[in-house]
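*Asks:* For reference, the structure I am asking about is given below.
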């Protein structure tokens, strides 16, 4: 049966186009019940013929049929194995896919698990369940009616299947919906219908499952706690229609909401169309926006603009859920109730207030439970590990067992009358401080895909034993006779780059960078390719690595290990002894690395004059060329910045850190870096030349001048002048910024300069003008990533472009689709950023584990930032940073914003001051494992007096 729909629509050019849509209806769509003799079903994931019921409400056997809102909001409950024999309608699945991609993936995962018996019924293509949309009927109302129609049809269909069975013993359909109107209409139509709460709370032996129910949102006017109607705390959000009209007229701006990590009463909204950012201060103006929500913001009159506070605050850990009963909390209506939070001094910035939420970007959050002070209370506060997330009110009967545990919670709503959002418990992760639990937390918080590779991905791997074929030899340049070597960190198994140097007959040099040919094994459109694209990058934690591709590729077949033949993609230069590039050639190749060096081993070869073999000679020449290349880059304005890095020595049995030290960089680090940079630049030029609209490139935007304010002020406090108008002038200024008595001063400045930088990002060349391709930090007009395809999907994309450019691969449509390419670049930028955060979190975690069982340690530190109530310090020995909250009891504070400096009593702290700090683990904290920092004394540039200690806790991170 065919249904046709004809309508006209206006084109962009003003014309009219006739559109005909055909919808096919069938009589042979299976119902999915395995005992049904009327449907000719052959699937093996069918509904059971005798479904067991553990429900007090439904003692009869039944199949559950889910409404869209149940799938969208109660997926945490549906993931419990108690739910089996469930019907998911095509209508519901399509709505969920349109509204929430994350939930859609989760419900698809449940459907694919055959043990769960979740059956998808194509009601939109069944002749008896398809319905037309009525005149003046909304799409939502039509879909609700379609769900009820399908439920009624199913019930009658099953009745026919079972013939003589009476009403009490036959299988019935139970509709679950949290939509009040849909529930009422279903019951009027004779459909058995319950809300999720009614059904779940009546499941026998599943009392804890009720904690995972998402609570429906209620308005402040409707909700009463039995004593008084709760007053409104926040302004009402504007409806979407008013927001859209305001955005169109220019009254409101749309942007991404980013709450401050240092002060929970402040945030910035980064406007989508343009480079504006709007400052928002005060919880009323924040108006229930949660970090990363898409919001509409109204710009305040200029006389109401303010400036960011210099106070470091966190949402007080002493807060209790019972405080939520009164809405007029001081912190809600202003700052945090602290005089220090009053702004002044600094120039005011464009300020605004959140007037509506365009899109909620809530996700499951990891953290800990803060129990209610009421003995029998079921409402408790959840404290998220991410400091930018507000406290969340949840109801649970498991508070005693969840105390001291890491748990996961989801937000359901944030009513106007509540200081906090309302959510529900999802699951327990493990004991606070346990290394495996904390690793799981950081991976979940940073959204790092870390489950084992699926069977579909494993199917795409080459069969073993694998070897290079005759066809490979014919189609590639055979470089196995050349003395190639690799240089990597100790213990590296995913070796994706190697180098060589040889002298040519004309006196010039041939220099080669050889990169693992990962694309030989990963073909476009396969499950392996999709998984690598989704993961985006390998994530390096302190004690383990989470691979982008399976270990068979990353540590074996693609890894350029020594003394085995490997497929490579080579970049070959003819170079003069002065490191001038004469010509460049790209080719698919076969290599056999002679030696796999660590940086230290390669350095020993270079430094030992008795080593005169071919490899040692190559390393020395490569090192000389690298020094010339580096000097040339720096002369062009490339920046050399710094960040505190540490290396942990891990116990081989317990895998706990037993020692740590700052990483020592050698000449060989720079040697490898220079040739990788040169390869990336060479490849960028090549692919942009061939694909000016579709090249995958990497840009590093120049920072706005305001980003440098704190750096310039910090240098000025020590009598050093910095020029920041260009990368070149900044590089020259940093090179000259030295204080004779403080050798670490220059490193501190470079660390601060790193914080001023913008994030480097991948992009599609057709999306930006060429003048915006600049990589600011490297001072090169064009750049990409080519040299690490084992651990970066961006490099795989670049390899494919380069292969097509040199005729080694046929092109395919997605390669030349700039919209898809840019979308994938955006995804990779997110994954790359999250991987960096996860690596830092792992270092922080292992710092806590390292100090956990140690006696109190005293170390020298430097003041990096001065706030009104705190000092940010860096301990160079461990690359450890932390905030010392100063104790304001006694003499009080005097904060000088211009200098900046903080005077506590008779002691004045300034930027880059040396201080002696005490480090120990504070085990009294109920929220997390904190490292506790105490200032023992201020150390002068030269020998001088020590000052009285001022101690306060700090959290690493």
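Numbering (the working numbering), first residue to last: 40 to 996. C-beta atoms are modelled at their ideal positions from N, C-alpha and C, and glycine is treated no differently. Bear in mind the structure is a predicted one, so any value in this text is a computation, not a measurement.
#1: Evaluate residue 457 with the Cβ neighbour count: other Cβ atoms within 10 Å of its Cβ, from every protein chain shown; 16 or more gives buried, anything less gives exposed.
#2: Whole angstroms is fine: what's the gap from residue 706's alpha carbon to residue 660's?
#3: Taking Cβ to Cβ, would you say residue 745 is nearer than 8 Å to residue 759?
#4: Grab the span of the beta strand (DSSP E) containing residue 97 for me, first residue to last.
#5: At what residues does the beta strand (DSSP E) containing residue 523 begin and finish?
#6: Which of the three DSSP states, helix, strand or coil, is assigned to residue 147?
#7: Hey, out of 945, 974 and 246, whose CA is closest to residue 922's CA?
#8: Quick check: is the beta carbon of residue 949 nearer than 8 Å to any beta carbon in chain D?
#9: So, with DSSP's three-state summary, where would you put residue 633?
#10: What's the C-alpha gap between residue 103 and residue 216?
#11: Need the endpoints of the alpha helix (DSSP H) that residue 222 sits in, please.
#12: Under 6 Å Cβ to Cβ from residue 567, same chain only, skipping five residues before and after it: list those, please.
#13: Using CA coordinates, which residue listed in 533, 779, 405 and 824 is at the minimum distance from residue 584?
#14: If I follow the unbroken alpha helix (DSSP H) through residue 129, where does it start and stop?
#15: Between which two residues does the alpha helix (DSSP H) holding residue 110 run?
#16: Using 8 Å for Cβ pairs, my map puts residue 554 next to residue 828. What's the rounded Cβ distance?
#17: Got a sec? Which residues, its chain only, sit under 6 Å from residue 579 by beta carbon, not counting five neighbours each side?
#18: Is residue 422 closer than 8 Å to residue 450 when the C-beta atoms are compared?
#19: Would residue 606 pass as a contact of residue 624 if the rule is Cβ separation under 8 Å?
#20: Let me make sure I understand the geometry here. Which of 135, 138, 130 and 949 has the alpha-carbon closest to that of residue 164?
#21: Evaluate residue 880 with the Cβ neighbour count: other Cβ atoms within 10 Å of its Cβ, from every protein chain shown; 16 or more gives buried, anything less gives exposed.
#22: Can you tell me whether residue 220 is buried or exposed, with buried defined as 16 or more other CB within 10 angstroms of its CB?
#23: Pair every Cβ in the region 332-350 with every Cβ in the region 272-289, then say whether three or more of these pairs are closer than 8 Å.
#24: For residue 960 and residue 884, I'd like the C-alpha separation in whole angstroms.
#25: Here's the rule I'm using: 16 or more other beta-carbon atoms within 10 Å means buried, otherwise exposed. How should residue 873 be labelled?
#26: List the whole-angstrom C-beta distance separating residue 406 from residue 433, where the pair is believed to meet the contact cut-off of C-beta under 8 Å.
#27: How is the beta strand (DSSP E) around residue 232 delimited, first residue to last?
#28: Just how far apart, CA to CA, sit residue 63 and residue 76?
#29: Which residues in the same chain have their Cβ closer than 6 Å to the Cβ of residue 320, if we skip the five residues on either side of it in sequence?
#30: Exposed or buried, what is residue 543 when buried is set at 16 or more other beta-carbons lying within 10 Å of its beta-carbon?
#31: In chain order, which continuous runs of the beta strand (DSSP E) of length 3 or greater are located wholly inside the region 460-527?
#32: Going along the chain, which residues of its own chain have a beta-carbon closer than 8 Å to the beta-carbon of residue 729, five neighbours each way excluded?
#33: Would you report the Cα separation of residue 715 and residue 541, rounded to the nearest angstrom?
#34: Taking 7 Å as the line, does the beta carbon of residue 519 fall inside it for any heavy atom of the ligand COA?
#35: Please state the DSSP three-state secondary structure of residue 610.
#36: Alpha helix (DSSP H) containing residue 192: first to last residue?
*Replies:* Once the coordinates are examined:
#1: buried
#2: 13 Å
#3: no
#4: Careful: residue 97 lies outside any beta strand (DSSP E) and carries neither H nor E.
#5: 523-527
#6: helix
#7: 974
#8: Among the chains of the structure shown, chain D does not appear; only one protein chain is present.
#9: strand
#10: 11 Å
#11: 219-227
#12: Once the five neighbours on either side are set aside, the close Cβ partners of residue 567 are 496, 499 and 561.
#13: 533
#14: 129-138
#15: 107-112
#16: 6 Å
#17: 878
#18: no
#19: no
#20: 130
#21: Buried: at least 16 other Cβ atoms inside 10 Å.
#22: exposed
#23: yes
#24: 12 Å
#25: That one is buried.
#26: The pair is not a contact, with the Cβ atoms about 11 Å apart (cut-off 8 Å).
#27: It spans 231-233 - the beta strand (DSSP E) in which residue 232 sits, taken as one unbroken run.
#28: The straight-line gap from Cα to Cα measures roughly 24 Å.
#29: 305 and 345
#30: exposed
#31: 461-470 and 523-527
#32: 840, 843 and 844
#33: 18 Å
#34: As far as ligands go, the structure on display features none, and thus does not contain the ligand COA.
#35: strand
#36: 178-201
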